[in-house]
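What follows is a set of notes on a single structure, which appears directly below.
Numbering (the UniProt record's numbering), first residue to last: 1 to 256.
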């Protein structure tokens, strides 16, 4: 299991935003946990220095292209990139240094997953460099993928059948537990357990982490097959968990 670092970008700045509060309406500001004075490049250089791999840069809306490019240039091959990525732009981001492209909303035609778009993406980027973002919310007791900045429910249920099916199209899954994302109330135990039990490919979970112990909790619930991203709770993003302690945890994990 690994700790996966993140760089979330909003209007060109590194931010931590409460999941589900980001809207398409320009007059509606999201709830922000943290806005950094440091650049995306700074965080990418830090992750590179500390040997953290498999992290992601997420562009939350427009105005983030320059910052994303700077982060990738600072850590070529060390970061994935997502947010508005399509088959038409995937190759460009890979050429700019992204290890993988992360795609969600573009793959849907209304509430339905478009197989033709999925095939097109894989043809352009290659399965080994595609990450499918299955970030989801709970409805009627089941998890469903949400798109359009986590505002819109799709018809795609996150369950064993979906994970086994889509695992043949990608190298990894990225799954935000949107109902707890940015809240620091603890991880979504049921979702992590589902991912650990059912995902045929590596999967990174994000959402709700509140303490260093959540790394061990995800390791146990996810059977060592689910990695964890910590955002708002990390001290480098204004939280209480020392980044140095996370690095130490990872070093112990690597040595075990």
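For each residue, glycine too, the CB sits at the ideal point set by N, CA and C.
Problem set entry | 8 angstroms Cβ cutoff met for residue 54 and residue 76 | Locating residue 54 in the chain shown gives position 54, counting from the first residue. Locating residue 76 in the chain shown gives position 76, counting from the first residue. In this structure, the beta-carbon distance from residue 54 to residue 76 does not fall below 8 angstroms.
Exercise. Which whole runs of the alpha helix (DSSP H) in the segment 143 to 191 are 4 residues long or more, in chain order?
Worked result: 160 to 166
Exercise. Is residue 205 helix, strand or coil when you go by DSSP?
Worked result: Taking the first residue of the chain shown as position 1, residue 205 is located at position 205. Note: residue 205 maps to strand in three-state DSSP.
For this session: With a cut-off of 8 angstroms on the beta carbons, I'd call residue 56 and residue 174 a contact; round off their distance for me.
Result: What you label residue 56 is simply residue 56 of the chain shown in a count that begins at 1. What you label residue 174 is simply residue 174 of the chain shown in a count that begins at 1. Confirmed, Cβ separation roughly 7 angstroms.
Problem set entry | Inter-residue CB distance, residue 34 and residue 230 (contact presumed, cutoff 8 angstroms) | Locating residue 34 in the chain shown gives position 34, where the first residue counts as 1. Locating residue 230 in the chain shown gives position 230, where the first residue counts as 1. Wrong, their Cβ atoms sit about 12 angstroms apart, outside the cutoff.
Exercise. Nearest-angstrom Cα distance between residue 129 and residue 99?
Worked result: Mapped onto the chain shown, residue 129 falls at position 129. Mapped onto the chain shown, residue 99 falls at position 99. The straight-line gap from Cα to Cα measures roughly 7 angstroms.
Problem set entry | Assumed close pair residue 202, residue 227 - CB separation to whole angstroms, cut-off 8 angstroms | Here residue 202 refers to the residue found at position 202 when the chain shown is read from its first residue. Here residue 227 refers to the residue found at position 227 when the chain shown is read from its first residue. Correct: roughly 7 angstroms between the Cβ atoms.
Exercise. Of all the options 39, 48 and 189, which has the alpha carbon lying nearest to the alpha carbon of residue 66?
Worked result: For the purposes of this step, residue 66 is taken as the residue at position 66 of the chain shown. Measuring C-alpha to C-alpha distances from residue 66 to each of 39, 48 and 189 identifies 39 as the nearest.
For this session: Mark residue 182 as exposed unless 16 or more other C-beta atoms lie within 10 angstroms of its C-beta, in which case mark it buried.
Result: Taking the chain shown and counting its residues from 1, the one referred to as residue 182 is at position 182. Flag for residue 182 reads buried.
Problem set entry | DSSP state of residue 55 mapped onto helix, strand, coil | As a first step, residue 55 is located in the chain shown; it is residue number 55 there, counting from the start. Residue 55: strand per DSSP, three-state reduction.
For this session: Report all residues from its chain with a CB closer than 7 angstroms to the CB of residue 112; omit the five preceding and five following residues, and keep chain order.
Result: Translated into positions along the chain shown, residue 112 becomes position 112. Around residue 112: 155.
Problem set entry | Collapsed DSSP secondary structure at residue 11 in the structure displayed | Within the chain shown, numbered from 1, the residue matching residue 11 stands at position 11. Three-state DSSP puts residue 11 in coil, outside helix and strand.
Exercise. Can the beta-carbon of residue 205 be found less than 8 angstroms from the beta-carbon of residue 195?
Worked result: As a working note, residue 205 is residue 205 in the chain shown. As a working note, residue 195 is residue 195 in the chain shown. In contact: residue 205 and residue 195 (Cβ atoms closer than 8 angstroms).
Exercise. Quick one, are the C-beta atoms of residue 91 and residue 123 less than 8 angstroms apart?
Worked result: One-based indexing of the chain shown puts residue 91 at position 91. One-based indexing of the chain shown puts residue 123 at position 123. It is not a contact, given that the beta carbons lie outside the stated cut-off.
Exercise. Roughly how many angstroms lie between the CA atoms of residue 218 and residue 81, to the nearest whole one?
Worked result: As a first step, residue 218 must be located in the chain shown, where it is residue number 218. As a first step, residue 81 must be located in the chain shown, where it is residue number 81. Rounded to whole angstroms, residue 218 to residue 81 spans 23 angstroms at the Cα level.
Problem set entry | Three-way DSSP call (helix, strand, coil) for residue 61 in this model | As a position in the chain shown, residue 61 is number 61, starting the count at 1. It is coil, neither helix nor strand.
Exercise. In the structure shown, what three-state DSSP assignment does residue 82 receive?
Worked result: Along the chain shown, read from residue 1 onward, the residue named residue 82 stands at position 82. DSSP places residue 82 in strand when its eight states are reduced to three.
Problem set entry | Supposed close pair residue 78, residue 47 - CB separation, criterion 8 angstroms | Within the chain shown, residue 78 is the residue found at index 78, counting from 1. Within the chain shown, residue 47 is the residue found at index 47, counting from 1. That belief holds up - the Cβ atoms of residue 78 and residue 47 are roughly 7 angstroms apart, short of 8 angstroms.
Problem set entry | Every unbroken alpha helix (DSSP H) inside the segment 71 to 137 [4 residues or more] | 87 to 95 and 115 to 125
Exercise. Residue 228 lies in the beta strand (DSSP E); which residues open and close that run?
Worked result: Mapped onto the chain shown, residue 228 falls at position 228. 226 to 229 is the extent of the beta strand (DSSP E) around residue 228.
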